[in-house]
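Below: one structure, written as structure tokens.
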Amino acid sequence: MNTGTSKSENAAQRERADELKNIADQVQEADSQIKHGRIKNKIIRPNN
Numbered sequence: 001m002n003t004g005t006s007k008s009e010n011a012a013q014r015e016r017a018d019e020l021k022n023i024a025d026q027v028q029e030a031d032s033q034i035k036h037g038r039i040k041n042k043i044i045r046p047n048n
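Here's what the structure looks like:
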């Protein structure tokens, strides 16, 4: 079955999905720390 997506496109999408999962995990961990009082008055900025 040809879905019109090449192997390289699939690999790029998997890599991006992994990156987004890592970001989601970091956000979840930071949220947990804030809720448990380990981080107060912190501004979390993306690394640009």
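Heads up: the sequence shown at position 7 corresponds to 7 in the UniProt record's numbering, and the numbers run straight through without jumps. All C-beta atoms, glycine included, are put in the ideal place defined by N, C-alpha and C. Being a predicted model, the structure only gives us computed values, none of them experimental.
Residue i in three-state terms, based on DSSP
i	result
G4	coil
R38	coil
R45	coil
Residue i Cβ short of 6 Å to the ligand GTP heavy atom set
i	result
T5	In the structure on display, the ligand GTP does not appear, and there are no ligands present to speak of.
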